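Every number in our numbering is 107 more than the matching position in the sequence shown, counting from 1. Heads up, the thing below is written out as structure tokens.
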Amino acid sequence: MTDDIDIKRLTEDQARAELARLADLLARADAAYHTEDAPVISDAEYDRLKRRNTAIEARFPGLKRTDSPSDRVGARPAEGFAKVTHAQRMMSLGNAFAPEDVSGFDTSVRKYLGMGPGTVAYTAEPKIDGLSLSLRYEHGALVQAATRGDGAVGENVTANALTIEDIPQRLTGAPELLEVRGEVYMSHADFAALNDRQAARGGKSFANPRNAAAGSLRQLDAGITRSRPLRFFAYGWGELSQPLAETQMGAISRLKALGFSTNDLTRLCQGPEELLAHYRAIEEQRATLGYDIDGVVYKVDDLALQARLGFRSTTPRWAIAHKFPAETAWTRLEAIDIQVGRTGALSPVARLTPVTVGGVVVSNATLHNEDYIAGRDSSGGAIRDGKDIRVGDWVQVYRAGDVIPKVADVDLSKRPEEAEPYIFPRKCPECGSDAIREEGDSVRRCTGGLICPAQAVEKLKHFVSRAAFDIEGLGAKQVEQFHADGWIAEPADIFTLRERYGSGMQQLKNREGWGERSAQNLFDAIDERRTIPLNRVIFALGIRHVGEVGAADLARHYTRWPAMISSLDAARPAMERLLRAEAAVLAERAAAAQEGRRARVTDTRAAVWAEDPPLPSGARAAWEDLVGVDGIGTTVAVALVTAFAQPAERALIDRLVAQLDIQPVEAPETSGSPVAGKTVVFTGTLEKMTRAEAKARAEGLGAKVSGSVSKKTDLLVAGPGAGSKAAKAAELGIETIDEDGWLALIGAA
């Protein structure tokens, strides 16, 4: 027996046989201990076998097996998990909460595809309340496991995933490259047993199975993960070397045949009515499933249609999650606190007597805004039958899935006699500046700007967030610390940290929690972000109304930073004239209403350009070019131009840009595209594809899609019913083609 042979005397053949024996012994021991909860060997014997396996691998590194027991534990990484960039982004899902939302989803699918009346086949499956995981197999071997992270970049948890029994380490008959996606979860029975074991050794109990599963998978020591009873359901895929099937249902069946656990409640449904029927059937079984679910996921079954539907910025158009109704509980409102966000918004937060809602202990909840507290909506109508919310009230709290808890109702029969109406502050609680509420806005905002510490800190947190600069080692906690100590007051300060605090008396490496290596790593991570795409810079600035999608639209349109800044500066006089004219119209209408006469107003936008003095050259064109960017309207345009027109904010931005090398966004592969770099406008009715599909196709070929015709327009695609845009294109001499001409041009006829 090779177990009796000293490792130093093992031949290569004996070592190979011994590693195979140890792998089998330890795998069976793992199954007995973690799955069956009935150990077959002592901990001491298990550790001895593990050490022997490691020593043999050290002497014969070329013999290490792909299912090596040493990979099931691994070593603690020095700086947390390594990052993994997903080959295909791991998307989140849009939500449906009511039957009409499901019908609306079906309608949007058929509308996007240009389909008439009829039914679309969908799959419906339980939405597991766990942690998303992506498994990458190459030539049948599991080579990498990664969490979702921010969708683009996740954490490498391969060593931990290897400890989960439901995850096969080798596949037979799989494509050469297969990325399987699914959910890591914990059953109710395993969760209860885990908490019992935690309590027996004086450990901390977990709040719910989802938290237990997530915390277990993200342990730096895979040995801890190995001690937790995690499970895995496969429900999708990412990168593939060849298709699994032609349908979603067929692909799931293929994954099951490859050895993955798939959910037996997945059904094929024809249209919304069958989807809703299966939703109700799953909801009835929810309490007896033995694991947590928070809804049902619907997906278009035909994978060719999925490909046509494509993705929005963060969600697929071909899938949606139908959430179960929110769960509720009653508790006492102890206080109302005001938090100031990065845009200066004053947000009321309810501080509650802790209460369990849907398995989660809730002590805070959102109160939305001052109107909501007062019992009215933004237009002045009554909500909650006009009942206001006061400190001391007995309130109903509800939550649905990961949605932030909300205060839904008030029990007036339990209201204390001394409870007084809540008066929303008119001053910022952080800096004392006036907090004003603009017309049409439901939120009161601090006017302090950069002098307001709450806004400064929150803007800096936003600046380093994942979708913005995403600087490794510089998160919200570090930003708060550095700002409080006066090291970082604005974004540009981040890029001079090495210069200011890399040497001398006050050095980063000498701070508590930092050392020479961690300080050097942070400085290097900051330097890596000096070169950054334009869309990330725009989003990172935290300009109101400008999200990830809007930032990407602007970056694609202007291509380079100087071009965008020049255009925004040029557009300022036109914007200011329009805003003055619209304010005059509002004032005239108010005066007319008070005097009981008809308002004397003209077509503001038509008349404003002709006013004296004349606008500076190019101002009108720059403004119309900005509002004509597809996805950018007047509201976003005003926010952008206004932000860059503020002297203090502009100086801050200029100091930042001086530290950066801003790159154009990565363009799609457009070699041979007849429309690459051209500006295209669609107008009228398209009969062979929807407007959204046409836009996506054009952008995929490298074209810019605009919402209005101007001198910069290269091509107008006009369907039946084309009106003013076609007339303006003819006036400007812009090439105009019909839908058939467009399809022929891009080779899709």
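Even for Gly, the Cβ is constructed at its ideal location relative to N, Cα and C. Please read these numbers as outputs of a predicted model, since none were measured by experiment.
**Message:** Do Gly261 and Leu365 count as a contact pair if the criterion is CB distance below 8 Å?
**Reply:** no
**Item:** Alpha-carbon spacing of Gly402 relative to Asp297, whole angstroms
**Value:** 22 Å
**Message:** Could you compute how far the alpha carbon of Leu133 sits from the alpha carbon of Leu382?
**Reply:** 45 Å
**Message:** Taking 8 Å as the cut-off, does the stretch 325-332 touch the stretch 243-250 (at least 3 CB pairs, one atom from each stretch)?
**Reply:** no
**Item:** Inter-residue spacing [alpha-carbon to alpha-carbon] between Gly814 and Ala805
**Value:** 13 Å
**Asked** Is it buried or exposed for Gly310, if we count other Cβ within 10 angstroms and need 16 for buried?
**Response** exposed
**Range of the contiguous alpha helix (DSSP H) that encloses Arg522** = Run containing Arg522: none; DSSP gives neither H nor E here.
**Request:** Have a look at Gly828 and Val788 and give me their C-alpha separation to the nearest angstrom.
**Result:** 14 Å
**Item:** Nearest-angstrom beta carbon gap, Leu278 and Glu245 [assumed within contact, 8 Å]
**Value:** In fact, because the Cβ distance is near 10 Å, the residues do not count as touching under 8 Å.
**Asked** Between the C-alpha atoms of Arg387 and Tyr342, what's the straight-line distance to the nearest angstrom?
**Response** 20 Å
**Asked** Hey, Leu240 and Ala205: beta-carbon distance below 8 Å or not?
**Response** no
**Request:** Would you list the one or two residues that DSSP bridges to Asn202?
**Result:** Ala428
**Message:** By the three-class DSSP mapping on this structure, what secondary structure does Glu846 have?
**Reply:** helix
**Message:** With three or more beta-carbon pairs closer than 8 Å as the criterion, would you say the stretch 762-776 touches the stretch 837-852?
**Reply:** no
**Asked** Hey, quick one: how far does the beta strand (DSSP E) through Tyr529 stretch, first residue to last?
**Response** Here Tyr529 belongs to no beta strand (DSSP E), and DSSP marks it neither H nor E.
**Message:** Quick check: the Cα distance between Ser470 and Ala591, rounded to an integer number of angstroms?
**Reply:** 27 Å
**Asked** Applying the criterion that 16 or more other CB atoms from any shown protein chain within 10 Å of the CB defines a buried residue, is Glu695 buried or exposed?
**Response** exposed
**Prompt:** Can you list, in chain order, the stretches of the alpha helix (DSSP H) that have 4 or more residues and sit fully within the stretch 424-500?
**Reply:** 477-481
**Request:** Just list the alpha helix (DSSP H) runs in the stretch 329-384, keeping only unbroken ones of 4 residues or longer that don't cross its boundaries, in chain order.
**Result:** 329-333, 355-364
**Prompt:** Between the Cα of Gln355 and the Cα atoms of Trp344, Gln349, Ser348, which residue gives the shortest distance?
**Reply:** Trp344
**For Leu474 and Ile760, the rounded distance between their alpha carbons** = 34 Å
**Asked** Just the Cα atoms here: how many angstroms apart are Ala677 and Ala728?
**Response** 9 Å
**Item:** Rounded distance between the beta-carbons of Leu416 and Val404, thought under 8 Å
**Value:** In fact, because the Cβ distance is near 15 Å, the residues do not count as touching under 8 Å.
**Request:** Would you tell me roughly how many angstroms separate the C-alpha atoms of Ile601 and Phe188, rounded to the nearest one?
**Result:** 24 Å
**Message:** Relative to the C-alpha of Gly223, which candidate in Ser294, Val656, Met796 has its C-alpha closest?
**Reply:** Met796
**Message:** Given this structure, state the Cα-to-Cα distance separating Asp495 from Trp594, to the nearest angstrom.
**Reply:** 44 Å
**Prompt:** Does the distance from the CB of Val227 to the CB of Val216 come in under 8 Å?
**Reply:** yes
**Request:** Using DSSP bridges, identify the partner residues of Glu290.
**Result:** Ser239, Phe340
**Asked** Alpha carbon to alpha carbon, how far is Val764 from Met293?
**Response** 47 Å
**Message:** Can you find the residues in the same chain that come closer than 7 Å, C-beta to C-beta, to Ile739, ignoring five residues on each side of it along the sequence?
**Reply:** Gly657, Asp660, Leu661, Leu733
**Item:** Under 8 Å between C-beta atoms of His569 and Arg651
**Value:** no
**Prompt:** Secondary structure at Tyr386, three-state DSSP: helix, strand or coil?
**Reply:** helix
**Asked** Under the DSSP definition of a beta bridge, which residues are partnered with Pro640?
**Response** Gln770
**Asked** Under the three-state reduction of DSSP, which class applies to Ala151: helix, strand or coil?
**Response** With a pLDDT of only 45 at Ala151, under the threshold of 50, the placement of this residue in the model should not be trusted, and no figure is reported.
**Message:** Taking the alpha helix (DSSP H) that Glu262 belongs to, which residues open and close that run?
**Reply:** Run containing Glu262: none in the alpha helix (DSSP H); it sits in the beta strand (DSSP E), 260-262.
**Request:** Whole angstroms is fine: what's the gap from Gly791's alpha carbon to Arg424's?
**Result:** 24 Å
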